[in-house]
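What follows is a single structure, written as structure tokens, with notes after it.
Protein chains: 2
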Amino acid sequence: MSEYKKIIDTIRKFNRFYTVNMGFLNSNYLDSSYSVAETRILFEIKMNESCTQSDIVKILHIDKSYLSRIVQRLCTRGIMQKIKSEDDKRTTKITLTEMGKKETDRLIELTNMQIGAKVAGLSKEDCNELCDALNTIILILGKEVN
Amino acid sequence: MSEYKKIIDTIRKFNRFYTVNMGFLNSNYLDSSYSVAETRILFEIKMNESCTQSDIVKILHIDKSYLSRIVQRLCTRGIMQKIKSEDDKRTTKITLTEMGKKETDRLIELTNMQIGAKVAGLSKEDCNELCDALNTIILILGKEVN
DNA sequence: AGCATTTAGTGGATTTTGTCAACTAAATTG
DNA sequence: CAATTTAGTTGACAAAATCCACTAAATGCT
């Protein structure tokens, strides 16, 4: 079997396994008070400190009007703030409020616990091996630029 | 850093990387004529040859009423068939029609090409290493029963 | 400069997706 | 054989996501 056929089959098998086994990846089992999209947006802002809506649109590939409404909702809920940019008056910087930061941290903690539950029974050796394997994949697939 | 903290951080990093980099996983960029749910259902029936709706409900964790309607739709589109079971008259076996099989194969071929594009530039060595890493993850995480 | 095009974000209207509860019919429990 | 469970269907809704048209600001072009 050629390398390509083998790797494609393996990735296919992995995807199937991972989405079932780690199915919470894109689930709202996390916390019913935030949708999947909201959660991803919160995580993204957390990572990027401060960013514009179009930044998020580009990264997460979601519709700009959809995002706009989500941001509005989260603003009225006191989770984030829109700050008019001085240099480019079309754009608004989005930042988390104190409450938003706390909430995001809480959500991260929740996912950590879910992940923790998944690996709870693993031995030290398995943990290390798993880490290596995950990093290997990031390294190799990261070479492919898109 | 403890093994657990390390592995949780790594999985978190991996999830982020993989959903962005391999984002097509659960996308309908695949083929606009089938929704994500429809595609998953088609793949599942393909794998299990013949199965009941409740089988699929259990495997894919989707609402039975939701599934029922999707199956109906795909039946009227000539993709699949419901066959009354003799032994248990509550259940209906679902099978793909010839057209359904062709369509499913076509969808699989499409994902294969998407995956292929992702790994196109990899060396033989990288391919093998990647395969090993993916299989390692399946092996280790597969130990954890849920 | 001045006009055309692009970009950021908003809002209306709609479709798609997914959920919940109630129901029928058949199977299972005990 | 009555009570409970299971498989699937349907109605009514709610949530999520998309499409399109629009305003205002920035950028490109000649």
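The listed protein sequences derive, respectively, from chains F and X. Residues in the first sequence are numbered from 66 upward in steps of one, following this note's numbering. Residues in the second sequence are numbered from 66 upward in steps of one, following this note's numbering. For glycine and all other residues, C-beta sits at the position ideal for the given N, C-alpha and C.
Worksheet item: Can you find a C-beta in chain F that's less than 9 Å from the C-beta of residue 147/X?
Response: Looking up residue 147/X in the second sequence gives position 82. For residue 147/X, the answer is no, since every Cβ of chain F falls outside 9 Å of its Cβ.
Worksheet item: What are the boundary residues of the alpha helix (DSSP H) that includes residue 135/F?
Response: Counting from one through the first sequence, the residue named residue 135/F turns up at place 70. DSSP places residue 135/F inside the alpha helix (DSSP H), whose first and last residues are 129-141.
Discussion item. Using a Cβ-Cβ cutoff of 8 Å, what residues of the segment 183-194 of chain F are near chain X? List them in chain order.
Written reply: Here the close residues are 183, 184, 185, 186, 187, 189, 191, 192, 193, 194.
Worksheet item: residue 154/F by DSSP, collapsed to three states: which one?
Response: In the first sequence, residue 154/F corresponds to position 89, counting from 1. Residue state, collapsed to three classes: coil.
Worksheet item: Would you call residue 138/F buried or exposed, if buried means 16 or more other Cβ atoms sit within 10 Å of its Cβ?
Response: Here residue 138/F refers to the residue found at position 73 of the first sequence. Result: exposed.
Fill in: Element boundaries [beta strand (DSSP E), containing residue 145/F]
The count along the first sequence starts at 1 and reaches residue 145/F at position 80. Note, residue 145/F: beta strand (DSSP E), 145-149.
Fill in: Selection from 187/F, 183/F, 206/F that minimises the alpha carbon distance to residue 190/X
Translated into positions along the second sequence, residue 190/X becomes position 125. The closest CA to that of residue 190/X, considering only 187/F, 183/F, 206/F, is found on 206/F.
Worksheet item: Closer than 7 Å, Cβ to any Cβ of chain X: which residues of the segment 112-124 of chain F, in chain order?
Response: Of all residues in the segment 112-124 of chain F, none places a beta-carbon less than 7 Å from a beta-carbon of chain X.
Worksheet item: Hey, would you say residue 82/F sits closer than 9 Å to residue 81/X, going by beta carbons?
Response: By 1-based counting over the first sequence, the position of residue 82/F is 17. By 1-based counting over the second sequence, the position of residue 81/X is 16. Their beta carbons are not under 9 Å apart, which means residue 82/F does not touch residue 81/X by this criterion.
Fill in: Boundaries of the alpha helix (DSSP H) in which residue 175/F is found, first to last residue
Here residue 175/F refers to the residue found at position 110 of the first sequence. Looking at the DSSP string, the run of the alpha helix (DSSP H) that includes residue 175/F is 163-183.
Item to complete: Would you tell me roughly how many angstroms separate the C-alpha atoms of residue 167/F and residue 174/X, rounded to the nearest one?
Response: Looking up residue 167/F in the first sequence gives position 102. Looking up residue 174/X in the second sequence gives position 109. Whole-angstrom Cα-Cα distance: 45 Å.
Practice prompt. Determine the direct distance from the alpha carbon of residue 70/X to that of residue 79/F, and round the result to whole angstroms.
Written response: Indexing the first sequence from 1 puts residue 79/F at position 14. Indexing the second sequence from 1 puts residue 70/X at position 5. Approximately 24 Å between the Cα atoms of the pair.
Discussion item. Using a Cβ-Cβ distance cut-off of 9 Å, determine whether residue 110/F contacts chain X.
Written reply: Taking the first sequence and counting its residues from 1, one reaches residue 110/F at position 45. Output row for residue 110/F: interface = no.
Practice prompt. Take residue 153/F as the anchor and find which of 116/F, 102/F, 123/F has the nearest alpha-carbon.
Written response: Position 88 of the first sequence, counting from 1, holds the residue named residue 153/F. For the residues 116/F, 102/F, 123/F, the minimum Cα distance to residue 153/F belongs to 116/F.
Worksheet entry | First and last residue of the uninterrupted alpha helix (DSSP H) at residue 197/F | Numbered from 1 along the first sequence, position 132 holds the residue referred to as residue 197/F. It spans 189-208 - the alpha helix (DSSP H) in which residue 197/F sits, taken as one unbroken run.
Worksheet item: For residue 121/F, is the classification buried or exposed, using 16 other Cβ atoms within 10 angstroms of its Cβ as the cut-off for buried?
Response: By 1-based counting over the first sequence, the position of residue 121/F is 56. Residue 121/F is buried by the Cβ-count criterion.
Discussion item. Looking only at its chain, what residues have a beta carbon closer than 7 Å to the beta carbon of residue 135/F, apart from the 5 residues adjacent to it on each side?
Written reply: Looking up residue 135/F in the first sequence gives position 70. 102, 103, 106, listed in sequence order.
Worksheet item: Between residue 113/F and residue 161/X, what straight-line distance do the alpha-carbon atoms span, to the nearest angstrom?
Response: The residue given as residue 113/F occupies position 48 in the first sequence. The residue given as residue 161/X occupies position 96 in the second sequence. Cα-Cα distance, rounded: 46 Å.
Practice prompt. Measuring only between beta-carbons, confirm whether residue 71/F sits less than 9 Å from chain X.
Written response: Reading the first sequence from its first residue, position 6 is the one you call residue 71/F. Output row for residue 71/F: interface = yes.
Worksheet item: Considering only the beta carbon of each residue, do residue 17/F and residue 195/X sit closer than 9 Å?
Response: Past the edges of chain F, shown from 66 to 211, lies residue 17/F, and the structure says nothing about it.
Item to complete: Measure from the alpha carbon of residue 100/F to the alpha carbon of each residue in 169/F, 178/F, 193/F, then state which is nearest.
Response: Along the first sequence, one-based indexing puts residue 100/F at 35. Across the set 169/F, 178/F, 193/F, the C-alpha of 169/F shows the shortest separation from the C-alpha of residue 100/F.
Item to complete: With residue 107/F as the anchor, note down where its alpha helix (DSSP H) starts and where it stops.
Response: The count along the first sequence starts at 1 and reaches residue 107/F at position 42. In the DSSP assignment, residue 107/F falls within the alpha helix (DSSP H) that extends over 101-113.
Discussion item. Suppose contacts are defined by Cβ-Cβ distances below 9 Å. Is residue 200/F in contact with residue 73/X by that definition?
Written reply: As a first step, residue 200/F must be located in the first sequence, where it is residue number 135. As a first step, residue 73/X must be located in the second sequence, where it is residue number 8. Going by C-beta atoms, residue 200/F is not nearer than 9 Å to residue 73/X.
Worksheet entry | Whole-angstrom distance between residue 185/X and residue 150/F, CA atom to CA atom | Here the question's residue 150/F lines up with position 85 in the first sequence. Here the question's residue 185/X lines up with position 120 in the second sequence. C-alpha separation (whole angstroms): 41 Å.
Worksheet item: Cβ of residue 198/F less than 9 Å from any chain X Cβ?
Response: For the purposes of this step, residue 198/F is identified with residue 133 of the first sequence, where counting begins at 1. Contact with chain X is found for residue 198/F, since one of that chain's Cβ atoms lies less than 9 Å from the residue's Cβ.
Worksheet item: Since residue 77/X meets chain F, which of its residues come closer than 9 Å, beta carbon to beta carbon?
Response: Stepping through the second sequence from its first residue, residue 77/X is reached at position 12. Correct list: 173, 176, 177, 180.
Worksheet entry | Chain-ordered chain F contacts of residue 163/X [CB-CB under 7 Å] | Residue 163/X sits at position 98 when you count from the first residue of the second sequence. The contacting residues do not exist; residue 163/X stays about 23 Å from chain F at best.
Item to complete: Grab me the residues of residue 129/X's own chain with a C-beta within less than 6 Å of its C-beta, minus the 5 sequence neighbours each way, in chain order.
Response: Against the second sequence, residue 129/X aligns to sequence position 64. So the qualifying residues of the chain are 122.
Worksheet item: If we count the other Cβ atoms within 10 Å of its Cβ and call it buried at 16 or more, is residue 143/F buried or exposed?
Response: In the first sequence, residue 143/F corresponds to position 78, counting from 1. Counting Cβ neighbours within 10 Å, residue 143/F comes out exposed, since fewer than 16 surround it.
Worksheet entry | Segment limits, alpha helix (DSSP H) that includes residue 120/X | Working through the second sequence from its first residue, we reach residue 120/X at position 55. First-last of the alpha helix (DSSP H) with residue 120/X: 118-125.
Worksheet item: If you draw a straight line from the alpha carbon of residue 180/X to that of residue 155/F, how long is it in whole angstroms?
Response: In the second sequence, the residue the question calls residue 180/X occupies position 115. In the first sequence, the residue the question calls residue 155/F occupies position 90. For residue 180/X and residue 155/F, the distance between alpha carbons rounds to 38 Å.
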